[in-house]
Amino acid sequence: MAVILEKRYVGSKVDLIRGSNGVFDVTLNGTLLFSKDQAGRFPEDSEVLESADKLLD
């Protein structure tokens, strides 16, 4: 997923954050796009890309 985001949003800072207890967050330029802890599941690529598109529009 990080590779897809980095190629699509060149120059943006993409972080996939894995923490303890199954925490998995996706941020773009410091803005949270997805949190497994909040959603209770892993993200679909399409929903992360949609959130990123909205953020960068």
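In this note's numbering, the protein residues as written are 5 to 61.
Each residue gets a CB set at the ideal place from its N, CA and C atoms; glycine is no exception.
Quantities reported herein were computed from a predicted structural model and do not represent experimental measurements.
Put simply, the backbone Cα of E48 is about 23 angstroms away from that of G15.
In this model, N25 and D19 are separated by some 18 angstroms (Cα to Cα).
Going by DSSP, S39 is part of the beta strand (DSSP E) stretching over T35 to S39. With respect to Y13, L32 sits close: the two C-beta atoms are nearer than 8 angstroms. Following the DSSP letters along the chain, one finds R12 in no beta strand (DSSP E) but inside the alpha helix (DSSP H) bounded by residues A6 to R12.
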